[in-house]
Every structure is written in C-alpha cells, then in structure tokens.
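**Q** The structure under discussion is supplied below as structure tokens; questions concerning it will follow.
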Amino acid sequence: MKTLQVELGERSYPIYIGSGLLKRSELLTKHIKSRQVLVVTNETIAPLYLETILQHLPEYIVETVILPDGEQYKTLDKVSRIFDKLLAGKFSRNATLIALGGGVIGDMGGFAAACYQRGIAFLQIPTTLLAQVDSSVGGKTGVNHPLGKNMIGAFYQPQCVIADADVLDTLDDRQLSAGLAEVIKYGLIRDAEFFEWLENNIGALLARDKNALATAIERSCLNKAEIVAADETETGVRATLNLGHTFGHAIETGVGYGEYLHGEAVAIGTCQAADLSRRLGWLTDADVERIITLFKNTKLPVNPPEQLGSERFLDLMAVDKKNVDGQIRLILLKQIGLATLPTDVNSELLALTLNTYGRK
Ligand code: NAD
Ligand code: GLY
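Quick note on this note's numbering: the sequence shown kicks off at 55 and runs consecutively.
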C-alpha cells in the first residue's frame, strides 16, 4: 500500500492506494470517531461491495442509503434522501458518513456530509478509476442543476480516501476509459513526463495491467494532492484541473446528464481546448495531434456532438464556476505539461474552434 498525504493543515488527510484495501478493517475504523455511521452508495455498487464494508462495522450503529445509479440523479432531491435517513436515525453531529462509489456518490455523499448539522465527518471509498484519481481527492462536493453542472456545492474535505485498485476489476471498459481522461489531464496540465508515459503505456492500462494502473493512480493522486494543497478553494492554480471541463460541462448539460460520461465529455472538451490553444499560437499542430491520438487510443470520443451548435455551446459555457462577472474563462495549454488560465478569451478564435473543430 502507498499512502499519500493531502497537506491542508488541520484538515490534512491520507489517500491510501493499493490492492485488497477494502478487506482491511483498521483502515476504515481508525478514521471513524463515532458510533453512528451512514454508508451512502448506489444500486449498482451495493451488491458488489456494501457487504464487505458492513462486515467491518459490527460494533457500530450503521444505516445505509442506496441511491439510484446515474449522473441524472446527482440532484438536491436525491441528497435529501440522505438527510431523511440521517434525521430519521437521529444521527448526531459526531456521526460519520461513508461515500462508497464513483464520483457521483462521492460528490453527493460529501455534499450531504458538508450540510448535515453544518458538517459531519466523511470518508471517501472511490470505486471508479475517475473517482480514485480525481473526484475523491480535494473536497469538491455537490450536485447538478438542470441549468448547470456541479453548480450547487461546497468545499468539504474527507477524513481519508481509500482507493482499492481491486474494485476496478468490476468496472466496465467504457468507464475505465472515462477515468483515463482525467489521468491524461494531469499529464497535460503539469506533468509532461507522465503524458509521455501514458502515450507509451495506454495499451497496458486498457488491458488493466495492475502495475500500470497503480502507477497511473499514484501519479495522478500525487499531482492532485499537490495542487489541492497549494490552492484548496480554487483561487488560482486549482482551476487548471478544469482543463477541457468548460466545454465538457456544456456537452453534459446540453445533451442531457448521463448521455456522455463525464470523462468522455472532458476528452472532447480537452481536444477543443487544445485546438483553441493552437489557434492562439501556443500548441503546434503536432502537439494537438499527439493529444487527439492519445484520447483516440484511450477509446475516448474526440469530436463534439453534432446537435450542439456554437451558439448553444456558448450559452451553456456561460454557466461555469470559473467565469468572472459573467465572462467565460478557459483553461488552455501553453505546451503539453503546462496549463494557463488567460484572463480573457479571444471570442473570435473561440468561435472558430466551436464552429470548425471536429465538425465534419
Ligand atoms: P459514476 O459515479 O456515475 O460511476 C460510473 C458508473 O460506474 C456508475 O454506473 C457506477 O454505479 C458504476 N460503478 C462504480 N464503481 C463500480 C465498480 N467498482 N464496479 C462496477 N461498476 C461501478 O461516475 P464517475 O465517472 O465515477 O464520476 C463522475 C462524476 O464525478 C461526475 O458527476 C463529475 O462531475 C464528478 N467529478 C467530481 C470531481 C470532484 O473534484 N469532486 C472531479 C471529477 C469528476
Ligand atoms: N476536479 C477538479 C478539482 O478537483 O478541482
């Protein structure tokens, strides 16, 4: 097992990464400081892993909430079901919530923990690659609104993250690829050497080689932990983690939550960001080609959906947490391994990207 630390003063916490971690009671129980425990998961993950978690908790008063599965259920309404259970069970302020699942469950469980009695402890047990390399680390929690993705939320750090690579065995190939989109992101924004490693090892990752996956998870978490430690509430460098996300969120909202996986939308959005970076003279044609090729080799889509015209795209991109005074702000690339957040976006070049990039 590898242990990384997210350094945030009194809110610091460990990320445990390895195999067989869900079988280790002590990893879980040492972070539970209460008798009352609520496990939040969904109907797909519950039959796979809920029992394994519950077996470690015979001495606790445990309740469970099993939510429907899907991005379209990442709503305030479904978070209310968590509050209902906490209140019906008379859970106190010292209770602990365990979020067992992918990014949807982690974001919702964390948000419920942030809000219930103004904050109870919570543990992240991420079960998708995407959640292990990104969403479970850093304390961004929240839900979607019909008008904008992740627009309701809170920064709220977990007590620990337990990333057991064995749970990826049950993840389907499409979800694995979607998780790799966020892995590639770290290479693009700040780790050119990792990007090159990914180019050389994408076959092994897709074949679920355990060593390759362990390297990818560790290197991603290391990058994320450093960024979060430097900028917990996204006043600066943390925004670079949103490479491709403004385009991607517009795709997710515009086409309907759940149609594209988050990682798929991010892959397309990253290609759009790369195209715009090339138009600004920062990336070369060869850089953009490398980026598109890696996403294609990862079995991810690279072209935006036909039905989203540029006007609708722009309208959707105007609802984004990075925007300042209603103006769109984008994360772009100065080079592979170096992201930038320009203060304003050249609207003519952006229009060119939206009108031409990926359109047949
Ligand atoms: P997800 O949570 O919907 O999980 C994907 C699918 O895999 C679901 O059907 C789920 O039930 C299933 N699943 C989960 N674990 C499994 C397992 N081990 N075996 C079999 N099936 C399993 O999606 P995701 O890709 O994990 O997360 C996407 C969400 O994360 C989005 O809502 C996105 O906005 C959010 N996100 C948040 C952050 C953050 O910093 N908080 C960062 C990136 C993404
Ligand atoms: N996934 C973006 C962030 O954590 O900031």
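All residues carry an ideal CB built from backbone N, CA and C; glycine is no exception.
Please tell me whether, using a cut-off of 7 Å, the distance from the CB of Asn96 to the nearest non-hydrogen atom of the ligand NAD is below it.
**A** For Asn96, the shortest C-beta to heavy atom distance toward the ligand NAD is below 7 Å.
**Q** For Val215, report the span of its beta strand (DSSP E) as first-last.
**A** Val215 to Asp218
**Q** Can you name the residues that DSSP bridges to Glu117?
**A** Leu92
**Q** Assuming the contact rule is C-beta atoms closer than 8 Å, Pro212 and Phe176 should be a hit. Round their C-beta distance to whole Å, please.
**A** 5 Å
**Q** May I ask you to report which of helix, strand or coil DSSP gives Thr57?
**A** DSSP places Thr57 in strand when its eight states are reduced to three.
**Q** Excluding the 5 residues preceding and the 5 following Lys239 in the sequence, name in chain order all residues of the same chain whose CB lies nearer than 6 Å to its CB.
**A** Leu297
**Q** Does the Cβ of Asp285 lie closer than 7 Å to at least one heavy atom of the ligand NAD?
**A** For the ligand NAD, not one heavy atom lies less than 7 Å from the Cβ of Asp285.
**Q** Looking at Lys132 and the ligand GLY, is the gap between the Cβ and the nearest heavy atom below 7 Å?
**A** For the ligand GLY, not one heavy atom lies less than 7 Å from the Cβ of Lys132.
**Q** Let's see if you can read the secondary structure: which residues bound the alpha helix (DSSP H) around Ala153?
**A** Ala153 -> not in any alpha helix (DSSP H); beta strand (DSSP E) instead, spanning Thr150 to Gly155.
**Q** Are the segment 395-403 and the segment 345-364 in contact at 8 Å, needing three or more beta carbon pairs?
**A** no
**Q** Roughly how many angstroms lie between the CA atoms of Asp188 and Ala279, to the nearest whole one?
**A** 9 Å
**Q** Measuring CB atoms only, is the segment 142-154 touching the segment 218-238, in the sense that at least three cross pairs come out at less than 8 Å?
**A** no
**Q** Would you identify the three-state DSSP class for Lys350, choosing helix, strand or coil?
**A** helix
**Q** Which one of Glu250, Val91 and Asn351 has the shortest CA to CA distance from Arg273?
**A** Glu250
**Q** Are the Cβ atoms of Ile115 and Thr95 separated by less than 8 Å?
**A** No.
**Q** Apart from the five residues on each side of it in sequence, which residues of its chain come closer than 7 Å, Cβ to Cβ, to Asp339?
**A** Excluding sequence neighbours, Asp339 sits near Arg332.
**Q** With distances taken between CB atoms, is the gap from Leu183 to Leu225 smaller than 8 Å?
**A** Yes, the pair counts as a contact, with Cβ atoms nearer than the cut-off.
**Q** Does any heavy atom of the ligand GLY sit closer than 7 Å to the C-beta of Gly192?
**A** yes
**Q** Can we count Val309 as close to the ligand NAD, meaning its CB is less than 7 Å from some heavy atom?
**A** Because no heavy atom of the ligand NAD lies under 7 Å away, the Cβ of Val309 does not count as near it: no.
**Q** Cα separation between Thr181 and Lys77?
**A** 14 Å
**Q** Between the segment 123-138 and the segment 71-87, do three or more beta carbon pairs fall short of 8 Å?
**A** no
**Q** Give me the residue from His199, Gln326, Ile179 and Gly63 with the minimum Cα distance to Gly310.
**A** His199
**Q** In chain order, what residues of the same chain lie with their CB nearer than 8 Å to the CB of Ala393, ignoring the 5 residues before and after it?
**A** Correct list, in chain order: Leu242, Ile243, Arg244, Thr294, Leu297, Ile385, Leu386 and Leu387.
**Q** According to DSSP, is Asn277 part of a helix, a strand, or is it coil?
**A** helix
**Q** If His85 and Cys169 are in contact, beta carbons under 8 Å, what's the gap, nearest whole angstrom?
**A** At roughly 20 Å, the Cβ-Cβ gap does not stay under 8 Å, so His85 and Cys169 are not in contact.
**Q** Which one or two residues does DSSP pair with Phe137 in a beta bridge?
**A** Phe137 pairs with nothing; no bridge assigned.
**Q** Considering Cα atoms alone, identify which of Ser66, Glu306, Thr57 and Asn351 is closest to Ala319.
**A** Glu306
**Q** Please list the terminal residues of the continuous alpha helix (DSSP H) segment that includes Asp243.
**A** Rather than Asp, the amino acid found at residue 243 in this sequence is Ile. If you look at Ile243, you'll find it in the alpha helix (DSSP H) that goes Asp227 to Arg244.
**Q** Could you tell me whether the Cβ atoms of Pro355 and Ile322 are closer together than 8 Å?
**A** One thing to note: Pro355 has its Cβ within 8 Å of the Cβ of Ile322.
**Q** Could you give the DSSP three-state label for Tyr314: helix, strand or coil?
**A** Look at Tyr314 here: in three-state DSSP terms it is coil, with no helix or strand label.
**Q** Following a CB-centred definition, is Asn357 positioned closer than 7 Å to any heavy atom of the ligand NAD?
**A** No, Cβ of Asn357 sits at least 7 Å from all heavy atoms of the ligand NAD.
**Q** Leaving out five residues before and five after Phe248 in sequence, what residues of the same chain have Cβ atoms less than 7 Å from its Cβ?
**A** Tyr240, Gly241 and Arg273
**Q** Mind checking who His199 pairs with in its DSSP beta bridge?
**A** Gly202
**Q** Mind reading off the beta-carbon distance from Thr195 to Gly164? Whole number of angstroms is fine, and I expect it under 8 Å.
**A** 3 Å
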